[in-house]
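Since the structure comes first, as structure tokens, the remarks are kept for the end.
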């Protein structure tokens, strides 16, 4: 081929361009971490969504049933965060992730043998929650060990895109396909295979191996677990930007969990569609995630990460306010007929409400996407590598502890007052909590030394 022909050949589109992270996949460590996460999260999302459908079902009281199921999933993780954080910081992360996913394989095989009675559904959900408490901080803390410091934002953005892929597979593809055809049992077998494959990918990440680990030092760390966990929290609290990044991520995660709790009732009461089809209404919100992942690196050039977090959180609060006003916005859309081509308008009642829901859920997804990348990047950049496992574990614990009361409150009160007031109340509480946390953080004396000096070189 001539030089002119080479220059004239069209450039192939690559999906990695969605996040700008194509160069990262040339690194074996990051590529294996990303593939392992996608397989593991897709399988986990598939199983949890299926268990939620089995536990909630159709009919009355869907919000209460949903709240109880999600609370049962969150409760054990809220009590085991200190142990998991210390273990993640002390043990090789590739070994931790591989063992966790092999345990999940065993749970899937147990589910296949035990059936899908309600006690089994709740028991498996509880055990999966325990594994997630270990896996989540290990995955987040592993990122600085497989990429350079200047690639952290790109890596977290690309990981979030992988999370989106796993959500599409786990929520919108596998469960609807199997539940409407052959039932849940083959789905659990496929999830077991995916968990096993992810364990293999994690085990092959050489850069996550930390050298010889003595059981004596690990046992000593577990015995001093409160002191170990307190050290990580003190390091986080000393850095206002990283601290607020974690707090805003906790509040954003709480908001998303409340939204998941209210989704069954919102689907039946506001949108007038079956619960199992609600995912197809919220699936277009994935576009907001993709846009957020693609723009977050550009946005970070325009403003500091801390300011970006604040703007994204304000946008998230506004989207919840918009969802609480779905009905009046839909009525405005129904009456919208600028060219007079329709009578009375181009949208019917249900269609208008679905369109409004898609718009505001996409806005919320964009906000959460930006918050997730910026928050993790702040922690990766500003805190020492040896405490990041504990910090991310603390984030999970805080999320779950902060989520349980509003989830239960929203689930029960929505049956009495409806979904819209609960959406609005959630927005008010989250904004108030963010303001209080910021005021508290700003009132603490800050150390004079630069945060960059605290970070160990990878």
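Residue numbers (the working numbering): 880 to 1337.
Glycine included, every Cβ here is placed at the ideal spot set by N, Cα and C.
Quantities reported herein were computed from a predicted structural model and do not represent experimental measurements.
- Linking residue 918 to residue 1322 through their CA atoms gives a straight-line distance of about 43 Å.
- For residue 1173, the secondary structure class from DSSP, reduced to helix, strand or coil, is helix.
- The distance from the Cβ of residue 1007 to that of residue 923 is about 7 Å, consistent with a contact at the 8 Å cut-off.
- Residue 943 is a Cβ neighbour of residue 1290, given a cutoff of 8 Å.
- Contact between residue 1189 and residue 1303 does not hold, since the beta-carbon distance rounds to 21 Å and is not under 8 Å.
- The beta carbon of residue 1158 sits closer than 6 Å to the beta carbons of 1050, 1051 from its chain, once the five residues preceding and following it are set aside; these are given in chain order.
- Residue 1210 has its alpha-carbon roughly 39 Å from the corresponding atom of residue 1038.
- In this structure, the CA atom of residue 1246 is about 15 Å from the CA atom of residue 1136.
- With distances taken between CA atoms, residue 1110 lies nearest to 1267 out of 1020, 1267, 1029, 1196.
- Here the C-alpha atom of residue 1144 lies approximately 44 Å from the C-alpha atom of residue 1028.
- Out of 904, 1305, 912, 1228, the CA that lies nearest to the CA of residue 1141 is found in 1305.
- By the neighbour-count criterion, in which a residue is buried when 16 or more other Cβ atoms sit within 10 angstroms of its Cβ, residue 1207 is exposed.
- Rounded to the nearest whole angstrom, the CA to CA distance from residue 1204 to residue 989 is 44 Å.
- A contact between stretches requires three or more CB pairs, one per stretch, nearer than 8 Å, and the segment 1055 to 1065 fails this requirement with the segment 1281 to 1299.
- In this structure residue 1258 is not in contact with residue 1178, their Cβ atoms being roughly 18 Å apart against a cut-off of 8 Å.
- Out of 1147, 1316, 1082, the CA that lies nearest to the CA of residue 1126 is found in 1316.
- Per DSSP, residue 1306 is one residue of the alpha helix (DSSP H) stretching across 1298 to 1322.
- Residue 1264 and residue 1023 have their C-alpha atoms spaced approximately 8 Å apart.
- If the five residues before and after residue 977 are omitted, its C-beta is found closer than 6 Å to the C-beta atoms of 1078, 1081, 1082, all from its own chain and listed in chain order.
- In this model, residue 1281 and residue 1146 are separated by some 25 Å (Cα to Cα).
- In the three-state DSSP reduction, residue 1128 falls in the helix class (H, G or I).
- The Cβ atoms of residue 1121 and residue 926 lie no closer than 8 Å to each other.
- Rounded to whole angstroms, the gap between the alpha carbons of residue 953 and residue 1074 is 21 Å.
- The C-beta separation of residue 1278 from residue 1045 comes to about 19 Å, leaving the pair out of contact by the 8 Å criterion.
- Residue 915 sits in a helix when the DSSP states are folded into three classes.
- The distance from the Cβ of residue 1048 to that of residue 1164 is about 16 Å, inconsistent with a contact at the 8 Å cut-off.
- In the structure shown, residue 1183 falls within a coil segment according to DSSP collapsed to helix, strand and coil.
- Taking C-alpha positions only, residue 909 is separated from residue 1025 by approximately 5 Å.
- For residue 1010, the enclosing alpha helix (DSSP H) starts and ends at 997 to 1025.
- Each of 1148, 1021, 1150, 1299 was checked against the Cα of residue 973, and the nearest Cα belongs to 1021.
- If you look at residue 1250, you'll find it in the alpha helix (DSSP H) that goes 1228 to 1261.
- Where residue 1084 is concerned, there is no enclosing alpha helix (DSSP H), because DSSP gives it neither an H nor an E.
- DSSP, reduced to helix, strand and coil, places residue 1055 within a helical segment of the structure shown.
- Around the beta carbon of residue 905, fewer than 16 other beta carbons lie within 10 angstroms, which makes this residue exposed.
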